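Visitor: One structure follows; several queries about it will come next.
Numbering (our numbering), first residue to last: 424 to 1245.
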């Protein structure tokens, strides 16, 4: 019995060993197979997060999208909400598949330094089919002062943040303004109803009536009302109050429209109408109206004919192309969607990326993101990034950058990594346009908040190339391959002894240290670097614009060999700007007393061909739609087929932390906005207001306070008791930079502004200061015909005709100083 038991045990042991060995072989084979074929595939998930609206009478306005991140005040320009008189703010939440459990809110100053109020709301009303929430805001806020309101929804699974500026005022004209804007937009779809808005048009012969892509009040009636397209609204209007500054407002209306073409096919369009409105007791004026329209490319058969891949109506800045070297593949961006066209084999288009989904709601067309093509090879593999607010998928509700690769052999979009950047879309876009470049050795270079990062796309290792740069200390070439930056260790942008020219393709860096003078980057003309020389003895001698002039302009090729230089004996150059092949600047000389004197302006034009136009992109005139865009492609008789990628892979998806530390800025900047959008940052007020003047825009400081607004100006102003206001101001003028901020007021260097724009500051309660020679004068009143001027020393008052005053100020270089109360 004992022997039999031992034999059974032996046989069991042998069988067990065979089984374990077989199991090990199975796992080894399976693991080897998994390494090569068992990737993690998925499709991009539909949008999931709730959207919040402000209830205003019969309207739902200010759609707020959820943020997973803490955004601080980085989204403050997205919208403003005017509180009702009792401060009880009514909100409507479209929950979708979520359930809001509770609501927290907090109110802070614009710079976030002061917490004014916080609270929790547990009472949520779902009785009428909507999810209604009321915030019982207390009277701790001051009237006519803006604050940041952060609302946090607790859904059990997530905490979701929503942001808006708020304003409590006795003079809320926004309801009538929203009503007028919505009426104007909706009337354009019916030519009979549109007669009611005809009086607002300012039709001009120079307006472009050949396209629906970009329209304003200067276009003719037929064009404003969609020509002969038979265009209809498709879906809902989404209205956002972008700005309200007393009597001026900016309102944005986003919507989708459609038309049916001659073949019975429906074409869809994304539209954005932006209004600048000004309240007057007698009526509301439309100061500006601007519509942009982009046709949604859908890859239909009719878009491919006669050597044309027709994209449709749109604006050139929203289209991007990249061709493979063998010209077999074309990657293109139409609006924010990315496609790949293969023109040799099957004549097919593949929709590589789109946030459009099946939900058909406000989240579907939310446009606070963009794509950029990084590379395309001869096999049709495409590298690209998506940046900004991420509408759906694994990173929905976050802001940042996602780096994708399209693998043509497996027809798979691969997510490589995500970088979280808690910044607004348009600021991220500004940085990505400054630098985002993929080299042939697979290093991705990006610029963000004063730093250049190199990311190895194989190992995901991050290298900081340079950090601590001011915004104005770095520039890149048109292709982003070449980067030039000043010495980050220098005291400021005017005291850099070297410029580093870096070729991101070869990793070759050259330090430009010729001479002991200071050097300043100015721009690129294609791949040629343009920089200026500042003489050491002039490096502390500021112009009236608070700029340090340069004495020489140098142009270097990408090989760092000098091509040419420009200088004029006895003259210096200031307010230098580089725009493509043009270098524009003001000329100044130095007087016997060391003071600067204007010597006119000049433009240098390069003999290089301007390469700003997108190669291979053209337009033709459609008899119904007008000008439409198309891509030049090869001629063949094949029918176009449209596909989506077979797979979406997240197997190697990773999250990269750049370990960004917020750096203190040495030089204050001005931020320009118009027509609902951020337009850029500048060194001085003059440059900022010039960016947005034509669009009736406005300018803010670092804290988001408006420091100039074209639309907010009365026709008549007369100040009283102004002398006592100036007692504290006058002693501070000698230390004025571009902007000096104090507890009770802001003092601005408004030098170079035209008179009519500078008169805005009288509306804020302080005189406008102007130097005539060395004499300080105060502008204390104006009307349609005259300007009142008071000499500060003699206190003699003069009344001058507006035209004469304008000429007088121009002769003295429009040397204005402005004051705004806080």
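Built from N, CA and C at the ideal position, the CB exists for glycine as well.
Quantities reported herein were computed from a predicted structural model and do not represent experimental measurements.
Pick helix, strand or coil for residue 1225, following the three-state DSSP scheme.
Guide: Helix at residue 1225.
Visitor: Among the candidates 736, 762, 556, whose CA atom is the shortest distance from the CA of residue 745?
Guide: The shortest Cα separation from residue 745 among 736, 762, 556 belongs to 762.
Visitor: Using 8 Å for Cβ pairs, my map puts residue 603 next to residue 700. What's the rounded Cβ distance?
Guide: Going by Cβ atoms, the distance from residue 603 to residue 700 rounds to 7 Å, so yes, they are a contact pair.
Visitor: Pick out whichever of 1198, 966, 686, 1008 has its Cα sitting closest to the Cα of residue 1159.
Guide: The shortest C-alpha separation from residue 1159 is found at 966.
Visitor: DSSP three-state call for residue 1115: helix, strand or coil?
Guide: Helix at residue 1115.
Visitor: Please report the distance separating the alpha-carbon of residue 1220 from that of residue 1091.
Guide: Cα to Cα, residue 1220 sits roughly 35 Å from residue 1091.
Visitor: For residue 872, I'd like the list of residues in its chain whose CB is within less than 8 Å of its CB, leaving aside the five on either flank, ordered along the chain.
Guide: Here the set comprises 846, 854, 1083, 1085, 1086.
Visitor: Under DSSP, the alpha helix (DSSP H) around residue 1020 begins and ends at which residues?
Guide: It is not in any alpha helix (DSSP H) - residue 1020 instead sits in the beta strand (DSSP E) that spans 1019-1028.
Visitor: Are the Cβ atoms of residue 567 and residue 592 separated by less than 7 Å?
Guide: Yes, the Cβ-Cβ distance between residue 567 and residue 592 is below 7 Å.
Visitor: Taking the CB atoms as reference points, tell me whether residue 801 and residue 747 lie closer together than 7 Å.
Guide: Yes. Within cutoff.
Visitor: Just to check my reading of the structure: residue 1115 and residue 1137 have Cβ atoms closer than 8 Å, yes? What is that Cβ distance to the nearest angstrom?
Guide: The Cβ separation is near 20 Å, so there is no contact.
Visitor: Specify, as a first and last residue, the run of the beta strand (DSSP E) that residue 909 falls within.
Guide: Note, residue 909: beta strand (DSSP E), 905-909.
Visitor: Less than 7 Å between the beta carbons of residue 577 and residue 622, yes or no?
Guide: Cβ distance not < 7 Å, so residue 577 and residue 622 don't count as in contact.
Visitor: Bridge partners for residue 1172 per DSSP, in chain order?
Guide: Residue 1172 pairs with 1240.
Visitor: What is the DSSP secondary structure of residue 1129, counted as helix, strand or coil?
Guide: Strand at residue 1129.
Visitor: Could you name each continuous beta strand (DSSP E) segment of 3 residues or more that falls completely within the region 709-775, going from the start of the chain to the end?
Guide: Fully enclosed beta strand (DSSP E) runs of 3 or longer: 731-735, 742-746, 752-757, 760-765.
Visitor: In terms of residues, what are the limits of the alpha helix (DSSP H) holding residue 1145?
Guide: Its alpha helix (DSSP H) spans residues 1145-1149.
Visitor: Contact check, residue 810 vs residue 875 under 8 Å by CB: the rounded distance?
Guide: Contact flag wrong, Cβ pair sits at about 16 Å.
Visitor: For the pair the region 479-497 and the region 1103-1117, tell me if three or more CB-CB distances fall below 8 Å.
Guide: The region 479-497 vs the region 1103-1117: no contact.
Visitor: Among 500, 896, 495, which has the Cα closest to the Cα of residue 536?
Guide: The shortest C-alpha separation from residue 536 is found at 495.
Visitor: Are the Cβ atoms of residue 1247 and residue 1140 separated by less than 7 Å?
Guide: Any property of residue 1247 remains undetermined from this structure, which presents the chain solely from 424 to 1245.
Visitor: Can you name the start and end residues of the beta strand (DSSP E) that residue 582 belongs to?
Guide: Here the beta strand (DSSP E) through residue 582 covers 582-590.
Visitor: Whole-angstrom Cβ separation of residue 612 and residue 656, contact assumed at under 8 Å?
Guide: About 6 Å separates the two Cβ atoms, so the contact holds.
Visitor: Return the CA-CA distance between residue 1126 and residue 889, expressed in angstroms with no decimal places.
Guide: Straight-line Cα distance between these residues: approximately 26 Å.
Visitor: Under 8 Å: do the region 944-958 and the region 1153-1171 share three or more Cβ pairs, one atom per stretch?
Guide: No, the region 944-958 is not in contact with the region 1153-1171.
Visitor: By the three-class DSSP mapping on this structure, what secondary structure does residue 600 have?
Guide: Three-state result, residue 600: helix.
Visitor: Beta carbon of residue 874: closer than 6 Å to some heavy atom of the ligand FMN?
Guide: With respect to small molecules bound, the structure shown includes none, and the ligand FMN cannot be examined in it.
Visitor: Taking 8 Å as the cut-off, does the region 904-911 touch the region 925-945 (at least 3 CB pairs, one atom from each stretch)?
Guide: The region 925-945, when compared against the region 904-911, does touch it at the 8 Å Cβ threshold.
Visitor: Quick one: what's got a C-beta closer than 8 Å to residue 1235's C-beta in the same chain, skipping five residues either side?
Guide: 1193, 1194, 1195, 1196.
Visitor: Please check the pair residue 473 and residue 583, which I expect to be a contact at CB under 8 Å, by giving their CB distance rounded to whole angstroms.
Guide: Yes, they are in contact, since the Cβ atoms of residue 473 and residue 583 sit about 7 Å apart, within 8 Å.
Visitor: Select from 545, 849, 1245 the residue whose C-alpha is nearest the C-alpha of residue 1168.
Guide: Residue 1168 has its Cα closest to that of 1245, out of 545, 849, 1245.
Visitor: Can you grab the Cα-Cα spacing for the pair residue 490 / residue 516, in whole Å?
Guide: Taking the straight line from one Cα to the other gives about 14 Å.
Visitor: What residue range is occupied by the uninterrupted beta strand (DSSP E) comprising residue 671?
Guide: Run containing residue 671: 671-683, per the beta strand (DSSP E) assignment.
Visitor: Below 6 Å CB to CB, which residues in the same chain sit around residue 449 once its five sequence neighbours on both sides are set aside?
Guide: Low local confidence applies: a pLDDT of 35 at residue 449 is under 50, so the model's placement there is unreliable, with the coordinate-based value given in what follows. Same-chain partners within the cutoff: there are none.
Visitor: In chain order, which continuous runs of the alpha helix (DSSP H) of length 4 or greater are located wholly inside the region 601-650?
Guide: Segments of the alpha helix (DSSP H) lying fully in the region 601-650: 644-647.
Visitor: Using a Cβ-Cβ cut-off of 6 Å (strictly less than) and excluding sequence neighbours within five positions of residue 710, which residues of its own chain qualify?
Guide: Cβ within range, chain order: 699, 701, 1119, 1134.
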